[in-house]
Amino acid sequence: ETGVTQSPTHLIKTRGQQVTLRCSSQSGHNTVSWYQQALGQGPQFIFQYYREEENGRGNFPPRFSGLQFPNYSSELNVNALELDDSALYLCASSPRGEKTDTQYFGPGTRLTVL
Amino acid sequence: GQQVMQIPQYQHVQEGEDFTTYCNSSTTLSNIQWYKQRPGGHPVFLIQLVKSGEVKKQKRLTFQFGEAKKNSSLHITATQTTDVGTYFCAGTQGAQKLVFGQGTRLTINP
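Residue numbers (my numbering), protein chains in the order written: chain W, -3 to 110; chain B, 46 to 155.
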């Protein structure tokens, strides 16, 4: 186990609603990255937080936003949910915020948008 | 932007057969990482390759990074049922964060 935890495990929302997903990073890690994994696809990078600041963003619209707290835990917020947002959302922590860092993934949150 | 492609998308083998998945990038990569995701699970880090032409082994798994740092492969010798899962490569280029391939799903007939 990586020591990365995510909550909730599963979530069902309807189109137009807002959702907040949470992640606790592995002890000693100051960087959290969020990924979206659609069924049958590889994880797609949403954004990364390093020491409470956004440190890179993938090709996702502004309705995907995030936060990192002083204890390095993180939240992913998605507004105005769309059907295509249905996916597994993975949080990964890493020790330094460098691109060569190993990603230690949490178990994920399965989001279903109806 | 950077793209990482993996082939094949699916591979079904008899237990004991070998398995290879290939990863190709449209651009030169700084490094490449390999992850394994069991059905219903999350990606788990296997290895990182950084040097041109690098070869690393982990028991029955052999990882290669191409001379031009644009391709990589993972070869499993004598597959076992515990090898079932989806194997992802992920690379970085320039300042970009990790870009994952779409994965190769391995199923094994015991």
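All residues carry an ideal CB built from backbone N, CA and C; glycine is no exception. Bear in mind the structure is a predicted one, so any value in this text is a computation, not a measurement.
Own chain, CB closer than 7 Å to residue i, minus 5 neighbours either side, in chain order
| i | result |
| --- | --- |
| residue 132/B | 66, 79, 81, 119, 148, 149 and 151 |
| residue 94/B | 76, 77, 101, 108, 110 and 117 |
| residue 104/W | 2, 84, 85 and 86 |
| residue 105/B | 121, 122 and 123 |
Strand pairing of residue i, partner residues [DSSP]
| i | result |
| --- | --- |
| residue 46/W | 27/W and 49/W |
| residue 116/B | 69/B |
| residue 76/B | 137/B |
| residue 101/B | 108/B |
| residue 71/W | 18/W and 63/W |
| residue 32/W | 40/W and 85/W |
Nonlocal neighbours in the same chain, by C-beta distance under 6 Å from residue i, ignoring five residues either side
| i | result |
| --- | --- |
| residue 110/W | 10 |
| residue 95/W | none |
| residue 101/W | 86 and 88 |
Other residues of its chain near residue i: CB distance less than 8 Å, five sequence neighbours each side excluded
| i | result |
| --- | --- |
| residue 62/W | 30, 42, 43, 45, 50, 70, 71, 72 and 73 |
| residue 59/W | 74, 75 and 76 |
Residue from the options whose Cα sits closest to the Cα of residue i
| i | options | result |
| --- | --- | --- |
| residue 128/B | 52/B, 112/B, 56/B and 49/B | 56/B |
| residue 117/B | 63/B, 146/B and 124/B | 146/B |
| residue 179/B | 153/B, 72/B and 96/B | Only positions 46 to 155 of chain B appear in this structure, which leaves residue 179/B out of reach. |
| residue 108/W | 34/W, 23/W, 0/W and 24/W | 34/W |
| residue 39/W | 47/W, 55/W, 15/W and 1/W | 55/W |
| residue 112/B | 104/B, 98/B and 58/B | 98/B |
| residue 4/W | 12/W, 13/W, -2/W and 17/W | 17/W |
| residue 51/B | 126/B, 106/B and 136/B | 136/B |
Range covered by the beta strand (DSSP E) that runs through residue i
| i | result |
| --- | --- |
| residue 91/B | 89 to 94 |
| residue 110/W | Unbroken run through residue 110/W: none, as it is neither H nor E. |
| residue 86/W | 83 to 90 |
| residue 54/W | Residue 54/W -> no beta strand (DSSP E), and no H or E assigned at all. |
| residue 9/W | 6 to 9 |
| residue 149/B | 149 to 154 |
| residue 56/B | 55 to 59 |
| residue 49/B | 49 to 52 |
| residue 128/W | Residue 128/W falls outside the range modelled here, since chain W spans only -3 to 110, and no answer is possible. |
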